[in-house]
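Peer 1: Chains A and H, in that order, give the protein sequences.
Residue numbers for the first sequence follow our numbering, beginning at 44 and rising by one.
Residue numbers for the second sequence follow our numbering, beginning at 205 and rising by one.
Backbone N, C-alpha and C define an ideal beta-carbon position, used for all residues, glycine too.
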Amino acid sequence: MVRNVVIGLLAVFLVGTGLWGYREHQEKNAILIQSENSYQRAFHDLSYQVDLLHDEIGSTLAMNSKERLSPSLAEVWKITSEAQNDLGQLPLVLMPFSKTEEFLYKVGDFSYRHAIRDLDQDPLSEEDYENLKTLYSQSEEIQKDLRQVQSLVLNDHLRWMDVELALASEDEPLDNAIVNGFNIIDEKVGGFAEVDFGAESSGLSTNDEEIEKNLTGNQINEKEALKIAKKFLDLDSVEGAQISESGDGLAYEAYTLTVPDKKHDTVTTMDITKKGGHPVWMLNERDVQKESLSLNEASENAKDFLENNDFSNMQLVESKQYDNIGVFQFAALENDVRIYSDGIVLEVALDEGDVIGYEGFSHLATQKNDRDLDVTLSKEEAENELNPNLDVKEHHVAVIENQLEEEVLCHEFYGTIGNDTYRIFINAENGREEKVEKLSNPEPVYQ
Amino acid sequence: MNQNNRVAYKRFFIVFTFLFMINMMGASGVGAFSDQVIQKGATGDDVVELQARMQYNGYYDGTIDGVFGWQTYWSVREFQENFGLEVDGLVGQSMKQMLEKATEYDKEFVHRMLREGRQFTHYGGVDKQLQKGSKGSKGSKQQPSEGKQQRTPSPEKEGRDESRGEKRPVEQEEVQPAPQQEPGEVPPDPVQQPQVNDETPSPEEEQPVPQDDEVNIEKAINVPEGYSDNDIRIMAQAVYGEARGEPYVGQVAVAAVILNRIQSPTFPNTPSGVIFEPRAFTAVADGQIWMDPDETARKAVLDAINGQDPSGYALYYFNPQTATSGWIWTRPQIKQIGKHIFCK
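Spelled out as structure tokens, the structure:
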């Protein structure tokens, strides 16, 4: 009797577990299918966009009227950005597929530049046409290969989830049809002869290479680096500091120093370049709990800090308080012209007023000589170029980097329309609006 | 016993309230501003007072939110220009004295409105009941129309210019009564009325105030250009999920990698695009990103947005102990911070 009850109970239990397991399995499958579908969608969308891209570049080539050319190039630009978006949704991050992404970026950049330029005054040159033709044939190759992969996926019912799994368990060499297909495409794109895109494709060259180019001074050793840190951090001793060297990934060579801050029982970390011994950045880990200094006093401290460390001619251009830390942006000042591309950011703790953060990447990356700082347009002339609705409040002359990442001399106007404040840069030579920014208002706290 | 207790409580509260009131008077009576020179970008009580006083005399018509933003900055400059002060946008002693003489500031009213998340204004000579919106109305866009209508008109302001030495120009305004109180706008709690007019509130209704008076005016916050507070929050979650327990510099570096990817042509161009890219971050894959981030992670993100990059322009990082991909080892390495190796 007891046995029968036990058996019965066990049977019920077994059936229950089975049902539960089956439902779990179903749910898991549903979720798997859902994520598989979103991968598939991104993938097929991608090949569709590349098809479109190819066609659109083709029609641009055949076009004669300038009025149609700009919209068509803009269309190319839009398609590349959609394709990049699709790529971003595929699990390819840890795969060498970056060449293709770079290619898309270049096509987008090229089409954007030519779409925004005034083709009436400055028509496409022979060279530009050659570039377009090259892009056309290259996009055709990508299109063909992508279609190949696509048909494979469709015919053999390949799943992107398997790609994910294959990538996750990467013990043996990858052997997955999709991955292989993408590898082939990427290799091919890598082999494309570099197209000369007119202006330097600066988006791809990074800041550290710029810093490398512009560093001045003699090579320093670890001892000197410690000495520089001691002065920079205004410490009596740098005892217990650890020092390490940067690897090959960084274009410039640098020492990384970890200096104990005994007073606050934390550490300060900073990078100093080997060439010339310039501090690149500095961060103190300290937690700032209270605010006893005003932002204004802190800004004086920041200015003193710059003076003590021989940064001459820096002007405070922006200050903001985040909780108990003041963040100050400085720009170089040359003959009363603000050089925005040459900036330094300092963080000051509002409890003791000491500098707890320094960042001078752009200061090190910009060349400091042979800038032509004479304006052709007067302030009044530049003002005529502004939107008449703008109520101008402040004016400076400034050097900024424009969208093509060239330095341009500008008139800088601060003004308001309604309750919003705008910063507008008018090219001091030709009166073009180089940059119009809506400056952010304080953000209300949403709860 | 019970009765006794209650009496004791009452007594306690009265004493407490008295102490509190004395405190308040000390704070808001003579020189309510602290000694600091208020500068653009500042936050806190002094900014609240500045905005309220500037609104009182009609120079500032934005929201009183405690952040010295652009709108406040232009108001200050306009004030300085009209009153022959040096036009530098810094609120120094002389400007503060002028403001204190010429305007009234009801600290208690303003701070309570802020605490309760009400939409409100602080124009001089207008019944404050009319100036406050309903509780929590701060979020809704529309300003109460009464407040708008009664805003001190600008000719009034010109008139003020001549009378700048005058001690109490407010009197001019008190002549102009607050017109038509709409029946629909009956305030939720009419007892507040008397206390608004004279600064001595009755003890009973003051009671709740001492308890939650940790005056923490952060009804608005500074955000860096180009990123909203929510973007910062998402990034802080990613940093927290990826690098909690790492040294602070390591957390800043992880945040910097996210930003470097946004900048890079080979990655998506938005914070969420980068963070949620499949297989990009393990914390996203295993759901750790949905934990609540701590202050440190948020600070790290802010540091990174302000330009800090301890990683040295890295686009990838990995933990050598757990990295599964062989490919990642082929990237040129930059440096190791904590457990993570950062690379190009």
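So G499 of chain A and E340 of chain A are in contact, right, with Cβ under 8 angstroms, and what is the actual spacing, rounded?
Peer 2: Nothing about residue 499 of chain A can be reported from this structure: the residues present for chain A run from 44 to 490 only.
Peer 1: If you measure from the beta carbon of T470 of chain H to each beta carbon in chain A, is any gap under 7 angstroms?
Peer 2: Counting from 1 along the second sequence, the entry for residue 470 of chain H is found at position 266. With 7 angstroms as the cut-off, T470 of chain H counts as an interface residue toward chain A.
Peer 1: Span of the alpha helix (DSSP H) holding R97 of chain A?
Peer 2: As a position in the first sequence, residue 97 of chain A is number 54, starting the count at 1. Looking at the sequence provided, one finds His at residue 97 of chain A rather than Arg. Per DSSP, H97 of chain A belongs to the alpha helix (DSSP H) from V45 to A105.
Peer 1: Taking 7 angstroms as the CB-CB limit, is V280 of chain H close to chain A?
Peer 2: Residue mapping note: residue 280 of chain H aligns to position 76 of the second sequence, counting from 1. V280 of chain H does not count as touching chain A.
Peer 1: For S355 of chain A, does the count of other Cβ atoms within 10 angstroms reach 16, so buried, or fall short, so exposed?
Peer 2: Along the first sequence, one-based indexing puts residue 355 of chain A at 312. Exposed.
Peer 1: Check for me: the alpha helix (DSSP H) holding R173 of chain H runs from which residue to which?
Peer 2: The question about residue 173 of chain H has no answer, for chain H in this structure spans 205 to 548.
Peer 1: Assuming contact is defined by CB atoms lying nearer than 7 angstroms, are V331 of chain A and D394 of chain A in contact in what I supplied?
Peer 2: Locating residue 331 of chain A in the first sequence gives position 288, counting from the first residue. Locating residue 394 of chain A in the first sequence gives position 351, counting from the first residue. Closer than 7 angstroms, so yes.
Peer 1: Closer than 8 angstroms is the cut-off here; do at least three beta carbon pairs connect the segment 439-459 of chain H with the segment 496-509 of chain H?
Peer 2: Contact between the segment 439-459 of chain H and the segment 496-509 of chain H is present, because at least three Cβ pairs lie under 8 angstroms.
Peer 1: Should V206 of chain A and V232 of chain A be called a contact, given that it needs their Cβ atoms to be closer than 7 angstroms?
Peer 2: As a working mapping, residue 206 of chain A is identified with position 163 in the first sequence. As a working mapping, residue 232 of chain A is identified with position 189 in the first sequence. Result no, Cβ atoms of V206 of chain A and V232 of chain A do not sit closer than 7 angstroms.
Peer 1: List the DSSP bridge partners of W324 of chain A.
Peer 2: What you label residue 324 of chain A is simply residue 281 of the first sequence in a count that begins at 1. The partner list for W324 of chain A (beta bridge, DSSP) reads A:D314 and A:E402.
Peer 1: Rank A:T459, A:A425 and A:V380 by C-alpha distance to the C-alpha of I443 of chain A and give the top, closest one.
Peer 2: Working through the first sequence from its first residue, we reach residue 443 of chain A at position 400. Taking only the C-alpha atoms, the option nearest I443 of chain A is A:V380.
Peer 1: Would you call the segment 277-291 of chain A and the segment 424-435 of chain A in contact, with 3 or more CB pairs under 8 angstroms?
Peer 2: Verdict: no, contact absent.
Peer 1: State yes or no: is the beta carbon of T177 of chain A nearer than 7 angstroms to at least one beta carbon in chain H?
Peer 2: Residue numbering aside, residue 177 of chain A sits at position 134 when the first sequence is read from its first letter. Output row for T177 of chain A: interface = no.
Peer 1: Would you please state the rounded distance, in angstroms, between the beta carbons of G262 of chain H and Q275 of chain H? I believe it to be under 8 angstroms.
Peer 2: The residue given as residue 262 of chain H occupies position 58 in the second sequence. The residue given as residue 275 of chain H occupies position 71 in the second sequence. About 14 angstroms; that fails the 8 angstroms criterion.
Peer 1: Out of curiosity, what's the CA-to-CA distance linking F313 of chain H and E253 of chain H?
Peer 2: Stepping through the second sequence from its first residue, residue 313 of chain H is reached at position 109. Stepping through the second sequence from its first residue, residue 253 of chain H is reached at position 49. Distance between the alpha carbons of F313 of chain H and E253 of chain H is about 11 angstroms.
Peer 1: Tell me whether the beta-carbon of V241 of chain H lies closer than 7 angstroms to the beta-carbon of L289 of chain H.
Peer 2: In the second sequence, residue 241 of chain H corresponds to position 37, counting from 1. In the second sequence, residue 289 of chain H corresponds to position 85, counting from 1. No; because the gap between Cβ atoms is not below 7 angstroms, this pair is not in contact.
Peer 1: Give the straight-line distance between the Cα atoms of C547 of chain H and T419 of chain A, rounded to the nearest whole angstrom.
Peer 2: The count along the second sequence starts at 1 and reaches residue 547 of chain H at position 343. The count along the first sequence starts at 1 and reaches residue 419 of chain A at position 376. Approximately 45 angstroms, taken between the alpha carbons.
Peer 1: Examine the Cβ distances between the segment 480-489 of chain H and the segment 530-539 of chain H and report whether three or more of them are shorter than 8 angstroms.
Peer 2: The answer is no - the segment 530-539 of chain H does not touch the segment 480-489 of chain H, with fewer than three Cβ pairs under 8 angstroms.
Peer 1: Starting from the beta carbon of G266 of chain H, find every residue of chain A whose beta carbon is closer than 8 angstroms, and list them in chain order.
Peer 2: Residue numbering aside, residue 266 of chain H sits at position 62 when the second sequence is read from its first letter. Under the 8 angstroms cutoff, chain A gives N462.
Peer 1: Between the segment 189-196 of chain A and the segment 108-119 of chain A, are three or more C-beta pairs nearer than 8 angstroms?
Peer 2: Contact fails: fewer than three Cβ-Cβ distances are below 8 angstroms.
Peer 1: Using the beta-carbon of each residue, which ones in chain A are nearer than 9 angstroms to N510 of chain H?
Peer 2: If you number the second sequence from 1, residue 510 of chain H lands on position 306. Simply K363, Y365, V370, Q372, V388, E390, G400 and E402.
Peer 1: For my contact list, H439 of chain A and E423 of chain A are in at a C-beta cut-off of 8 angstroms; report their separation, rounded to the angstrom.
Peer 2: Stepping through the first sequence from its first residue, residue 439 of chain A is reached at position 396. Stepping through the first sequence from its first residue, residue 423 of chain A is reached at position 380. Not really, about 15 angstroms apart at Cβ, beyond 8 angstroms.
Peer 1: Helix, strand or coil: which one does DSSP assign to L318 of chain H?
Peer 2: Looking up residue 318 of chain H in the second sequence gives position 114. Three-state result, L318 of chain H: helix.
Peer 1: Could you tell me which chain A residues have their CB closer than 9 angstroms to the CB of I425 of chain H, listed as they occur along the chain?
Peer 2: By 1-based counting over the second sequence, the position of residue 425 of chain H is 221. The answer, in chain order, is Y365, D366, P485, E486, P487 and V488.
Peer 1: In the structure shown, what three-state DSSP assignment does P383 of chain H receive?
Peer 2: The residue labelled residue 383 of chain H in the question sits at position 179 within the second sequence. Legend: pLDDT at P383 of chain H = 41, less than 50; position of this residue unreliable, no value from coordinates given.
Peer 1: Whose C-beta lies closer than 7 angstroms to the C-beta of A126 of chain A among residues of the same chain, with five residues either side of it excluded?
Peer 2: As a first step, residue 126 of chain A must be located in the first sequence, where it is residue number 83. The answer, listed in chain order, is L89, Q92, V93, L96 and L147.
Peer 1: Based on the DSSP secondary-structure assignment, which residues constitute the bridge partners of E125 of chain A?
Peer 2: For this step, residue 125 of chain A is matched to residue 82 along the first sequence. Looking at the DSSP assignment, E125 of chain A forms no beta bridge with any residue, so it has no partner.
Peer 1: Quick check on D498 of chain H - is its C-beta less than 7 angstroms from some C-beta in chain A?
Peer 2: For the purposes of this step, residue 498 of chain H is taken as residue 294 along the second sequence, with counting starting at 1. So, not an interface residue.
Peer 1: For E328 of chain A, collect the residues of the same chain with a Cβ closer than 7 angstroms to its Cβ; drop the 5 residues on either side in sequence, then sort them by chain order.
Peer 2: On the first sequence, position 285 is the one that residue 328 of chain A refers to. Here the set comprises T309 and V310.
Peer 1: Would you report the Cα separation of I425 of chain H and F140 of chain A, rounded to the nearest angstrom?
Peer 2: By one-based count along the second sequence, residue 425 of chain H stands at place 221. By one-based count along the first sequence, residue 140 of chain A stands at place 97. About 40 angstroms.
Peer 1: For chain A, find out if any of its Cβ atoms is closer than 7 angstroms to the Cβ of D417 of chain H; answer yes or no.
Peer 2: Within the second sequence, residue 417 of chain H is the residue found at index 213, counting from 1. Note that D417 of chain H scores a pLDDT of 40, beneath 50, so its modelled location is shaky and nothing firm can be said.
Peer 1: With 16 other CB atoms within 10 Å as the buried threshold, where does A425 of chain A fall?
Peer 2: Here residue 425 of chain A refers to the residue found at position 382 when the first sequence is read from its first residue. Buried, since its Cβ has 16 or more Cβ neighbours within 10 Å.
Peer 1: Please list the partners that L326 of chain A has in chain H, where partner means a Cβ-to-Cβ separation under 8 angstroms.
Peer 2: Stepping through the first sequence from its first residue, residue 326 of chain A is reached at position 283. The contacting residues are Y452, V453, V456, D507, Q512 and P514.
Peer 1: Please classify L376 of chain A: does DSSP put it in a helix, a strand, or coil?
Peer 2: Within the first sequence, the letter at position 333 stands for residue 376 of chain A. Strand.
Peer 1: Reducing DSSP to helix, strand and coil, say where M439 of chain H ends up.
Peer 2: The sequence position of residue 439 of chain H within the second sequence is 235, counting from 1. Three-state result, M439 of chain H: helix.
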